[in-house]
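*Asks:*
Residue numbers (this note's numbering): 1151 to 1237.
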């Protein structure tokens, strides 16, 4: 059985963040462990800084910020490239 893929979604609670959460949840497979992280929490802010999050929403897969989160916005293709939805 493949190892679980850890997916972290950093959210400010805005409409765009909610759309991204919905997209990630729709794409996630049985090997994906999705966590929604609220940027209002100090620990979450520290984690986001460690990963280099500069804009929200942002998605990290197995501790690596997805390429789509470098200012271009979250897309289904970019999330799939990052490994979301693939066993």
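By construction, the Cβ of each residue, glycine as well, lies at the ideal position given by its N, Cα and C atoms.
Three-state secondary structure (DSSP) at residue 1161?
*Replies:* As a working mapping, residue 1161 is identified with position 11 in the chain shown. Looking at residue 1161 - three-state DSSP - the assignment turns out to be strand.
*Asks:* List the endpoints of the continuous alpha helix (DSSP H) containing residue 1195.
*Replies:* As a working mapping, residue 1195 is identified with position 45 in the chain shown. Looking at the DSSP string, the run of the alpha helix (DSSP H) that includes residue 1195 is 1192-1201.
*Asks:* What do you reckon, are the CB atoms on residue 1201 and residue 1187 nearer than 7 Å?
*Replies:* Mapped onto the chain shown, residue 1201 falls at position 51. Mapped onto the chain shown, residue 1187 falls at position 37. Going by C-beta atoms, residue 1201 is not nearer than 7 Å to residue 1187.
*Asks:* Rounding to the nearest angstrom, what Cα-Cα distance links residue 1163 and residue 1191 in this structure?
*Replies:* As a working mapping, residue 1163 is identified with position 13 in the chain shown. As a working mapping, residue 1191 is identified with position 41 in the chain shown. Taking the straight line joining both Cα atoms gives about 12 Å.
*Asks:* Whole angstroms is fine: what's the gap from residue 1153's alpha carbon to residue 1165's?
*Replies:* Along the chain shown, one-based indexing puts residue 1153 at 3. Along the chain shown, one-based indexing puts residue 1165 at 15. Their Cα atoms are separated by approximately 32 Å.
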